[in-house]
Every structure is written in C-alpha cells, then in structure tokens.
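Peer 1: The structure is given below, and queries will be raised subsequently.
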Amino acid sequence: MRLSRSFGKTLRDAPADAETASHQYLTRAGFVQQVAAGIYSYMPLGWRSLTKISNIIREEMDRAGAQEISMPVVQPRELWEQSGRADTFQPPLASLKDRRDRNMVIAPTHEETTTFMAAANLESYRDLPFNLYQIQTKFRDEARPRAGLLRVREFEMKDAYSFDKDEEGLDVSFQAMAAAYHRIFSRAGIDVRMVEADSGPIGGKDSNEFVLLAESGEDTIFVCSDENCSYAANAEKAEFKKPAAAPEAPGELEEVHTPDIKTIEGLAEYLDVPVNKTVKAVFYAPESSTGGEIVFVSIRGDLEVNETKLRNAMSGAEPRLATPEEVASAGLVAGSASAIGLDASDGPRSRARITSIVDDSVINSPNLVAGANRTDYHLRNGNYGRDFEGDIVTDIAMAQAGDACPNDCDGHLVEHRGVEVGHIFKLGTGYSESMGATFLDEDGSEKHALMGCYGIGVGRLLAAAIEANHDDKGMVLPGAIAPYEVYLAGLNTNDETVVATAAKFYEDLQSAGVEVLYDDRDEPPGVKFNDADLIGLPLRVVVSARGLRNGEIEMKRRDASEAAMTPLADGVQAVKTALEG
RNA sequence: CGGGGAGUGGCGCAGCUUGGUAGCGCGCUUCGUUCGGGACGAAGAGGCCCCGGGUUCAAAUCCCGGCUCCCCGACCA
3 MRLSRSFGKT LRDAPADAET ASHQYLTRAG FVQQVAAGIY SYMPLGWRSL
53 TKISNIIREE MDRAGAQEIS MPVVQPRELW EQSGRADTFQ PPLASLKDRR
103 DRNMVIAPTH EETTTFMAAA NLESYRDLPF NLYQIQTKFR DEARPRAGLL
153 RVREFEMKDA YSFDKDEEGL DVSFQAMAAA YHRIFSRAGI DVRMVEADSG
203 PIGGKDSNEF VLLAESGEDT IFVCSDENCS YAANAEKAEF KKPAAAPEAP
253 GELEEVHTPD IKTIEGLAEY LDVPVNKTVK AVFYAPESST GGEIVFVSIR
303 GDLEVNETKL RNAMSGAEPR LATPEEVASA GLVAGSASAI GLDASDGPRS
353 RARITSIVDD SVINSPNLVA GANRTDYHLR NGNYGRDFEG DIVTDIAMAQ
403 AGDACPNDCD GHLVEHRGVE VGHIFKLGTG YSESMGATFL DEDGSEKHAL
453 MGCYGIGVGR LLAAAIEANH DDKGMVLPGA IAPYEVYLAG LNTNDETVVA
503 TAAKFYEDLQ SAGVEVLYDD RDEPPGVKFN DADLIGLPLR VVVSARGLRN
553 GEIEMKRRDA SEAAMTPLAD GVQAVKTALE G
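Numbering (our numbering), first residue to last: 3 to 583.
As structure tokens, this is what we get:
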C-alpha cells in the first residue's frame, strides 16, 4: 500500500483527553476513530492489525478442533429470560423493541445463543464433544469505558463454547483451550501470564485469566517469586499462607478501657500488642438488602477483607459496606465491636439478622484483642471457639505483596498490574440445564452437557500489546500483529532515481510476498521517520540519494537503535532475513 | 452511581475575570525553494464558539436548564 493512498492521517498531537499510550498512539497513527464513549471505528491500519489478530486466533481455534460459527448480535429477550440472566446480567443488558413491539437485546455474550443452538442439535453422547466459536461484535453498556480500546462498550470478541459429556471431557476441552490460548498470545508476540481467577456470577469451578503485564492495566495479579513455582492469581482470587500464631494457653477474657481508640493500629499501639494479635470487625450487607441484614465479618487486624472472596462466602450476594444507621440499628458499636457476645438472642443484636463470617486467620490465633461491644472498651484474650463462633469460617482475606505463596515453596507473592486479554471458564451444567441442552448417554440416561466458555478481547489485545510495546516515539508492534511488515520510505522525492528505485523496490518486495507500506509522499525525511516510528512497523527500509551513491539501502528494526546499510541488489532477501530475525 | 475537569476551524490551544471586529500553532489548498529526524517564503480556504432558553442596544464571554466527552472511585460473568 502506498501511504499517499492509505486512508487516514497521522496526527502530530494526540487528543488532549487520551492519556494512555495505546489510546494516544492508536489515535495519532490513524488506527481508530472514536465515535462515542467506548465506541470506536477501526480505520484501515487498525483493521489490518485486528484482522491479523483474528486470523491467528482463528487458526489456533481451528487447530484445537473448535468450529467457527456466527450468531446474531440482536436477539430475543426470551432467550435471556430462559437462562435467568435477563434481569441479573451486569452491566445491564442493552435492550430495544422491534417493530412488532417484541423485546430484543443486544448480546453482550453468547452462552444463551450457543446453548440454544447446541440443544437443537445434541441428541446422543456420540455427538459430543464439540466446541463452537465465533469472532464477533459484543455490546456491554459499561458504566465507565476508559483508556481508548482497553475498556470499551462495543468490541470484537472471540468467544468459544465447549460441550462435553462428563467432567473428564470438560477437563480435556478446557486444557485444549488453555493450550490454544498460550499459542495465540505467543504467536501474537505478547507475553501473558495465565493466572487463577474468580469465576464471579457466571459460576463454575475453574477459571483462568490470561493477563498481559502492563502498568496501565486495571487488574492486580500476584505471582510467586520462586522460579520453580507456577503460582499466579488475580488479586480477587489470590490465596496466601497465613502464618499460624505460636500456640498459647488461652488466657482469661478481660475487659480493658481504651478511651478514644477507634482504629486497629491505635488499639495495637495503646495496648502494646502486635496488630496480628487483634481481631477487627467489618460490617457488610447484601447489596440488595433494605431489611437490615448485617454480615458481621471478623478478620485478623493485620489483614484486609477481599470482597470477591466475601461475595463467594455470601453465596454470590454482592456485599456492600453497611451504613452507620444499619450498624447502629443492629446494636453494634462501631470501633468497639466483636463477635464475642454476638449470640445474645435478645435485644437488637438478634442473630436472625446477623450472619457471622470469620476469616480462617482468626481461628488459629489465640488470645486476640477484640471489641467489647461497649464504647471505649476492648477485651483481651478472645479465643475462637470458646468466646465466639462464626456461621461461616473461610478465607476472605486480601493477599498483599510479600505474603507467603500458598503453594509448597519458599516464594512470596510479587504484585503486578496487568490487562486481562483472555478468560476461560468451566461452566458446568448451569446453561445446559436452563436451556435444555441434554443428550442420551451410553447407559440410556438423559444428561446435561458440561460446558466451558473461552473469551478473548481482540481490540483489547491490540491495545494491550501497544501498552506493553511502545517508546516515546510510538508503537513498537510485534511483527505478527502489525498492519504491515515493512515501512519503506523514499527520501529525496525530487530525485527521480530515488523515486524510481524506491517504487521498483516496493514492487519487488510485494512480489516476494512482503507486506509493505510504501511512504511515497512528498514529505521531508523527518516527517517520514517520525511517522515510521509512530506506526511502529517491525522494519524500516530507506531508499535515499545518499545510500544509492554506494548502491545501498538502509534497514532499521523498530526495536533497534542502529540502522544498517545493505546492497540494493540483495535488498529483498535482506528484508526477508531481517523479518525472520 | 459519587467526586473532579473540559466542550472555540481536522488536531493542540488562547480569548471568558472586566460583554462590543473570533485569534494563534500544527494540518489543509496553490506557487516557488528545500530534501537524513516533524524545512522556508508568498498567497489562500476553512468556524450553528456543544445545544436550548434568558439578561442586554449588543453574548464565545453573564444567568438558568440540558447534552456530550475525559479523569478518579464504585462497578466491570
């Protein structure tokens, strides 16, 4: 493609409100155009990159045995009522009515549609397994799109759905997709980590995210520092070893006066005990609650509550911090509360409205300082089991950098920021039950198919790749996803020999199967070099009067600081060699 | 949804406090010169100043209402 004919122009200045590198460079290089908040058009260069990513994904999905299909973006709301997600999907389903007043939705994902398709064609265990995928537009009316293509409302997504007859089959399908994902990201030239993740409301037992490490990412992940240990997890999911306290004989419960002490740190200092010898109380309520229910969380003073883990402990109900009014009406004394004495069945602190959830850090820690449920008083020597109990005891603590790895190794957790570019789930039978995807098994019994689902955000992957690969001049695109392989610039546009030689070389490269963006514009060298750096193709080739005096052209890799001269006669081969290296 | 910021030629901005001819840089058009890291000269084109209402002789500027976009947070299978 001749740059003079390529639609779209480079911009010297980025829009002032573009803050992240990928947003700025995608806009300046003319890859995308913003249409509305979180809604973008792809221009020719951007779409070529997106197509390259899509093709890599397509090849690897096909290789993994998945079959490509295409499902509708606009679909009847009844499908979503059948699965039960019509009113629960967050962010809210975008809806519209067709001319016959029928309720339609704009699909944010396609579990319903795929399962509907599977149900109509699945009869026997002999039909299983199969895996269906598409690369297609999704719309999610996110509350806050941000950072260019990193978080948008409408986007291209590869979504695949596997169907198996049993758990073993699901494991095989799941592993096949994980392997395909590793190949896809490797071929795209980006370094991702597969991390354990929370499944969230979609449910299922296993879920892994593929995260590209980048400071501008929205996600926090923890990776074990031990090279021989593979532990890596999203902060929402991350576990860690909580060192057990030294065994101590339980002391006698003792009330102490703690005037004006409201924080754990203040309490620990005032009583001269380590923070991890205290237990703090945090009050939550189910998001939807207006009835005064309280979730009373007890966790060791040195730990913070992980609200995702808490949500799972609350059977999926979204937790929110309880309001001061709710806390007061439950008879709890903020700043001096504890689960000790929570069992009193009379009065406002009736257990009917209070669920006690205790982090497992508490049960092995003897003689904790706890609230006395009386303003300005605390208790020494609180012991789980003797003085208080929980309705639920589980891990609800937030991991922090430096915590011990949960695996059997000597490592600790190292914190990274990252962008989630892929997510794979084991769904189980939830959708096959609601949508009726059943089959007759070998023994003649009717069973529900076990499902998995597997997503990749295609545009986000492009943005993430730029976040991870750029410098202060522009993108440094991995070759496999760059819109072209070579940026060919002819300098000295007043020199007929240079122009003719550059044009000839352009034809020669194309004939040799090299994808070339030929900068044939009548622009000064500086403009061409800066645009070459901005667009970030892997290799820059310069034809100039200076070089041609020695019968040479110049080649420079985008990720290299030095250029090298090559005889023009060997140019095509030299370019091919450089692209492979 | 809570908090903050911003809407003026394609992009980046000034003008608004103190109402009175819309301005600058880049980009764009034409001609000439120039040609290895965002060249130079000359002549041009291009603006419902976000929208609606109000005040005023007069509104980009003041007042009221609305819309949009960005950032932080909440949220984000």
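Using N, Cα and C, we set each Cβ at its ideal position, and we do this for glycine too. The model shown is predicted, which means the values in this text are computed figures rather than measured ones.
Using DSSP's beta-bridge definition, name the partner residues of K160.
Peer 2: Numbered from its first residue, the first sequence carries residue 160 at position 158. Paired residues: I137 and I458.
Peer 1: Just confirm the distance between the C-beta atoms of A283 and A178, as a whole number of angstroms; I'd bet it's less than 8 Å.
Peer 2: Within the first sequence, residue 283 is the residue found at index 281, counting from 1. Within the first sequence, residue 178 is the residue found at index 176, counting from 1. Wrong, their Cβ atoms sit about 46 Å apart, outside the cutoff.
Peer 1: Among L581, R419 and A565, which has the Cα closest to the Cα of E217?
Peer 2: In the first sequence, the residue the question calls residue 217 occupies position 215. Residue R419 is the option with its Cα nearest to E217.
Peer 1: Tell me which same chain residues have a C-beta within less than 6 Å of the C-beta of F132, skipping the five on either side of it?
Peer 2: Here residue 132 refers to the residue found at position 130 when the first sequence is read from its first residue. Cβ within range, chain order: F165.
Peer 1: Applying the criterion that 16 or more other CB atoms from any shown protein chain within 10 Å of the CB defines a buried residue, is S563 buried or exposed?
Peer 2: Taking the first sequence and counting its residues from 1, one reaches residue 563 at position 561. Exposed is the call here.
Peer 1: On the DSSP bridge list, what partners appear for M453?
Peer 2: What you label residue 453 is simply residue 451 of the first sequence in a count that begins at 1. M453 is bridged to F165 and G430.
Peer 1: If we ignore side chains and look at the alpha-carbon of each, how far apart do V543 and N236 end up?
Peer 2: Working through the first sequence from its first residue, we reach residue 543 at position 541. Working through the first sequence from its first residue, we reach residue 236 at position 234. Those two C-alpha atoms are separated by around 42 Å.
Peer 1: Please classify F9 as buried or exposed, where buried requires at least 16 other C-beta atoms within 10 Å of its C-beta.
Peer 2: The sequence position of residue 9 within the first sequence is 7, counting from 1. Per the 10 Å Cβ criterion, exposed.
Peer 1: Does the Cβ of L511 have 16 or more other Cβ atoms within 10 Å, making it buried, or fewer, making it exposed?
Peer 2: To locate residue 511, count along the first sequence from 1; it is residue 509. L511 comes out buried.
Peer 1: Could you tell me the distance, in whole angstroms, from the CA atom of V297 to the CA atom of I356?
Peer 2: Your numbering for residue 297 matches position 295 in the first sequence. Your numbering for residue 356 matches position 354 in the first sequence. Rounded to the nearest angstrom, the two C-alpha atoms are 6 Å apart.
Peer 1: The alpha helix (DSSP H) with D535 in it runs from where to where?
Peer 2: Taking the first residue of the first sequence as position 1, residue 535 is located at position 533. Looking at the DSSP string, the run of the alpha helix (DSSP H) that includes D535 is P527 to I537.
Peer 1: Roughly how many angstroms separate the alpha carbons of P249 and L215, rounded to a whole number?
Peer 2: Reading the first sequence from its first residue, position 247 is the one you call residue 249. Reading the first sequence from its first residue, position 213 is the one you call residue 215. C-alpha separation (whole angstroms): 41 Å.
Peer 1: For a minimum of 4 consecutive residues, which ranges assigned as the alpha helix (DSSP H) are wholly contained in the stretch 531-577?
Peer 2: The stretch 531-577 is shown to contain whole alpha helix (DSSP H) runs of 4 or more residues at 547-550, in chain order.
Peer 1: Just verifying my parser: in three-state terms, what is the DSSP assignment at S97?
Peer 2: Stepping through the first sequence from its first residue, residue 97 is reached at position 95. S97: strand per DSSP, three-state reduction.
Peer 1: Less than 8 Å between the beta carbons of G404 and C226, yes or no?
Peer 2: As a position in the first sequence, residue 404 is number 402, starting the count at 1. As a position in the first sequence, residue 226 is number 224, starting the count at 1. For G404 and C226, no; Cβs fall outside 8 Å.
Peer 1: DSSP state of E306, grouped into three classes?
Peer 2: As a working mapping, residue 306 is identified with position 304 in the first sequence. The answer is coil: DSSP assigns E306 none of H, G, I, E or B.
Peer 1: Rounded to the nearest angstrom, what separates N496 and G528 at their Cα positions?
Peer 2: Position 494 of the first sequence, counting from 1, holds the residue named residue 496. Position 526 of the first sequence, counting from 1, holds the residue named residue 528. Near 16 Å, if we compare the C-alpha coordinates of G528 and N496.
Peer 1: If you run the structure through DSSP and keep just helix, strand and coil, what is L312?
Peer 2: Position 310 of the first sequence, counting from 1, holds the residue named residue 312. Three-state result, L312: helix.
Peer 1: With distances taken from CA atoms, which of T22, E156, A121 and S85 is nearest V37?
Peer 2: As a position in the first sequence, residue 37 is number 35, starting the count at 1. Minimum Cα distance to V37 is reached at E156.
Peer 1: Would you report the Cα separation of D410 and L429, rounded to the nearest angstrom?
Peer 2: Within the first sequence, the letter at position 408 stands for residue 410. Within the first sequence, the letter at position 427 stands for residue 429. Rounded to whole angstroms, the separation of the alpha carbons of L429 and D410 is 29 Å.
Peer 1: Pick out the complete beta strand (DSSP E) segments inside the stretch 32-118, 3 residues or longer, and give them in chain order.
Peer 2: 34-38, 41-44, 76-78, 96-99 and 105-108
Peer 1: Please classify D397: does DSSP put it in a helix, a strand, or coil?
Peer 2: Walking along the first sequence from the start, residue 397 turns up at place 395. Correct three-state label for D397: coil.
Peer 1: From what residue to what residue does the beta strand (DSSP E) around V516 run?
Peer 2: As a first step, residue 516 is located in the first sequence; it is residue number 514 there, counting from the start. If you look at V516, you'll find it isn't in any beta strand (DSSP E); DSSP assigns it neither H nor E.
Peer 1: Go ahead and label E257 buried or exposed: buried means 16 or more other beta carbons lie within 10 angstroms of its beta carbon, across all protein chains shown.
Peer 2: If you number the first sequence from 1, residue 257 lands on position 255. So E257 counts as exposed.
Peer 1: Would you decide whether I666 is buried or exposed? Buried here means 16 or more other CB atoms lie within 10 Å of its CB.
Peer 2: Examination of residue 666 is not possible in this model, given that the chain is present from 3 through 583 alone.
Peer 1: Cβ of I483 within 8 Å of Cβ of A190?
Peer 2: On the first sequence, residue 483 is found 481 positions in, with the first residue counted as 1. On the first sequence, residue 190 is found 188 positions in, with the first residue counted as 1. In contact: I483 and A190 (Cβ atoms closer than 8 Å).
Peer 1: If you draw a straight line from the C-alpha of T90 to the C-alpha of S6, how long is it?
Peer 2: Residue mapping note: residue 90 aligns to position 88 of the first sequence, counting from 1. Residue mapping note: residue 6 aligns to position 4 of the first sequence, counting from 1. Distance between the alpha carbons of T90 and S6: 50 Å.
Peer 1: Based on Cα-Cα distance, which residue from V488, F531 and G538 lies nearest to V577?
Peer 2: The residue given as residue 577 occupies position 575 in the first sequence. Ranking V488, F531 and G538 by Cα distance to V577 puts V488 first.
Peer 1: Hey, could you find the ends of the alpha helix (DSSP H) I365 is sitting in?
Peer 2: Along the first sequence, one-based indexing puts residue 365 at 363. Start and end: D362 to I365.
Peer 1: Please classify G515 as buried or exposed, where buried requires at least 16 other C-beta atoms within 10 Å of its C-beta.
Peer 2: As a working note, residue 515 is residue 513 in the first sequence. With fewer than 16 other Cβ atoms within 10 Å, it is exposed.
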